[in-house]
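Participant:
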Amino acid sequence: MPAELSPIDKAKFVAARRAVDFVEDGMKLGLGTGSTAAWMVRCLAERIREEGLRVTGVPTSTRTAELARNLGITVTSLDDAKWLDLTIDGADEFDPQLNLIKGGGAALLQEKIVATASDQMIVITDAAKEVTQLGAFPLPVEVIPFGWQTTKALIEETLVSMDVLDRDVTLRMNGAAPLVTDEANYILDLHLKRIGNPRQLALVMNQIPGVVENGLFIDICDKVIIGHGDGRVVLRDINSGETFDERIEFADSDNIFADF
20 MPAELSPIDK AKFVAARRAV DFVEDGMKLG LGTGSTAAWM VRCLAERIRE EGLRVTGVPT
80 STRTAELARN LGITVTSLDD AKWLDLTIDG ADEFDPQLNL IKGGGAALLQ EKIVATASDQ
140 MIVITDAAKE VTQLGAFPLP VEVIPFGWQT TKALIEETLV SMDVLDRDVT LRMNGAAPLV
200 TDEANYILDL HLKRIGNPRQ LALVMNQIPG VVENGLFIDI CDKVIIGHGD GRVVLRDINS
260 GETFDERIEF ADSDNIFADF
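If you're matching positions, the sequence shown starts at 20 in our numbering and goes up one per residue.
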């Protein structure tokens, strides 16, 4: 079955498998959202089944919670867990300082709350998400529905003074209606092409009335694990400055693929 996966899915899988090696018995874990994070949840469930690992997960979306429960992972709320040992999640972009853009899956609010409430955050991704400068991926900004068009206008006005290449702002849709997040908010996507100062932009965006949170994750990620289609993974640790190049071996009979 692994041989039948596309190179991008193999890259996501090996990154996820390497990430769950950092999980220890008794940990409280933040479980991310998205296609790469779904691989991680499956890899974690495999370790639980095979090793008797005891962990508690705090999902960052309803779809991650459903997947985790279906795979036999114990889940709880962040209010009950209070603080987490580790969060493992994906990213839409990351730069050399491990600053991130997240929110392509419309779960950025829960993702940022959970990641910030963790001792450590590991991002799992493929090489295509690595950029020299953030901004090619549209920056999601979660806003309350009340007065969202006014909020959009304020964002557009604010962007005039920011170090960005473009300033197109669109409402994310779900068919003919606005997409609604788990917190019943809307998502505005900022098509900026280049973000010259992500830290400044993140701070300024959150000062605009109506904005709930933005998808810039600054100084939150500790490690990034980059998967490749040939089974190779590159691990970068922002705190130690070290980079490791490894290879993940997996058998065709891996039960992680059984229902995927």
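For every residue, glycine included, the Cβ atom is placed at its ideal position computed from N, Cα and C.
#1: Between the segment 119-126 and the segment 57-69, do at least 3 Cβ pairs fall closer than 8 Å?
#2: Using the C-alpha atoms, what's the distance from Ile237 back to Asp182?
#3: Hey, would you say Val33 sits closer than 8 Å to Gly246, going by beta carbons?
#4: Counting Cβ pairs, one atom from each stretch, are 3 or more of them under 8 Å apart for the segment 73-90 and the segment 110-123?
#5: Can you give, in chain order, each stretch of the alpha helix (DSSP H) that sits fully within the segment 21-46 and has at least 4 residues?
#6: Taking the alpha-carbon of Phe165 as reference, which of Val231, Met224, Glu149, Ala30 has the nearest alpha-carbon?
#7: Throw me the rounded Cβ distance for the Gly158 and Gly234 pair, which I believe falls under 8 Å.
#8: Just verifying my parser: in three-state terms, what is the DSSP assignment at Phe279?
#9: In whole angstroms, give me the CA-to-CA distance for Gly76 and Leu48.
#10: So, with DSSP's three-state summary, where would you put Thr83?
#11: Compute the beta-carbon to beta-carbon distance between Asp44 and Arg73, rounded to the nearest angstrom, for a pair I have assumed lies under 8 Å.
Facilitator: Quick look at the numbers:
#1: no
#2: 17 Å
#3: yes
#4: no
#5: 26-38
#6: Val231
#7: It should be pointed out that residue 158 corresponds to Leu in this sequence rather than to Gly. Rounded, the Cβ-Cβ distance is 5 Å, consistent with contact.
#8: In this predicted model, Phe279 has a pLDDT of only 46, less than 50, meaning its place in the structure is not dependable; the value taken from the coordinates is given anyway. In the structure shown, Phe279 sits in coil (DSSP, three-state: anything other than H, G, I, E or B).
#9: 5 Å
#10: helix
#11: 6 Å
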